[in-house]
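Student: The structure under discussion is supplied below as structure tokens; questions concerning it will follow.
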Amino acid sequence: MSIPTGHHFWKMSGSGNDFLFFDARSGPLSDISELAAIDRICARATGVGSDGVVFIQTDTQQDFRIRYFNRDGSLGELCGNASLCSTRLASELGIVGPGEFSFATDAGAISARFVDGEPQIDLQPPTVVTPDYTPIARADGERRLGFADTGVPHVVVLLDDTSDADVLGRGAFLRNHPSLTAGANANFVAQASDGSFTIRTFERGVEGETLACGTGAVAAAILLESWGLSGPESRLRTRSGKTLTVSLRHGDGAITPSLSGEARIVFTGQLAEI
């Protein structure tokens, strides 16, 4: 099934990570098992242009469900910035009321709320945290190299400066490393003079650098804390210049991450010919 023309969409941005949202709670988009048009819709020059597509669906246990698809049409189990944007849009559409609510993803349920007008979400605890991922040798200038699965897999590389990081070349190598059977996103982080961090990400499914990555920021914060470089709260400045804030709570041998950041509706529209 392709996405029919004439269907309404919302274009949203989460710290520069941009998405197209469709309300699939009923009607022709309620069954989205086949999505032949996603790569065409996401094309920057010939489509609407975005890093991915999100469908809001009904759910029997949570307030709603989201399904996230990467720009190349592959299913993404979780996207942090798309989840922040989902929090904003669900509130705008009246799907949820004030106060805390929850929604389902393919990586588990997410609790969400607004803090000082900004969306905040609680992710599931990471399934894997490896502060030193030895199957991949560090390149010159790489101080640490770790791995964390925050709903999706992430390699995190610590540098002195991210401004000249080889995000496309080294990022593609890390993303496709043979030791990572499902591939991984590749993140490059460095500490700034004010105690915050800069981060740049090569995203799996986009196959290039994006302006922000929420789950990448969470993975980076977890590893930065494990490396002794950050406390339970980290501020990470993305390629867009926007800041994502990650808070980590420890209990019962698990880490529960919270992610806060920008989520705004850029414009709305209807599909014509794709």
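Letter by letter, the sequence shown follows residues 78 to 351 of the working numbering. The C-beta atom is built at its ideal place from N, Cα and C for all residues, glycine as well.
#1: Out of curiosity, what's the CA-to-CA distance linking Ser-163 and Ile-133?
#2: Check each candidate in Thr-182, Gly-129, Gly-174, Cys-156 and name the one with the smallest Cα separation from Thr-137.
#3: In chain order, what residues of the same chain lie with their CB nearer than 7 Å to the CB of Arg-102, ignoring the 5 residues before and after it?
#4: According to the Cβ coordinates, are Arg-252 and Leu-288 closer than 9 Å?
#5: Taking C-alpha atoms, which residue in Ala-298, Ala-167, Val-125 lies nearest to Phe-191?
#6: Pull up the distance between the alpha-carbon of Lys-319 and that of Gly-150, whole angstroms please.
#7: Do the region 198-212 and the region 265-273 make contact, defined as three or more Cβ pairs closer than 8 Å?
#8: From Asp-199 to Ala-340, what distance separates their C-alpha atoms?
#9: Which one of Ser-337, Gly-330, Val-130 has the shortest CA to CA distance from Arg-312?
#10: Quick check on Met-78: does DSSP put it in helix, strand or coil?
#11: Among Gly-305, Leu-306, Phe-250, Ile-299, which has the Cα closest to the Cα of Phe-279?
#12: Measure the CB-CB distance between Arg-277 and Asn-264 and report whether it falls below 9 Å.
#13: In chain order, what residues of the same chain have a beta carbon less than 6 Å from the beta carbon of Ile-342, not counting five sequence neighbours either side?
Tutor: Put simply:
#1: 8 Å
#2: Thr-182
#3: Ile-133, Gln-134, Thr-135
#4: no
#5: Ala-167
#6: 26 Å
#7: no
#8: 15 Å
#9: Of the candidates Ser-337, Gly-330, Val-130, Ser-337 places its Cα closest to the Cα of Arg-312.
#10: Legend: pLDDT at Met-78 = 43, less than 50; position of this residue unreliable, no value from coordinates given.
#11: Phe-250
#12: yes
#13: Trp-87, Met-89
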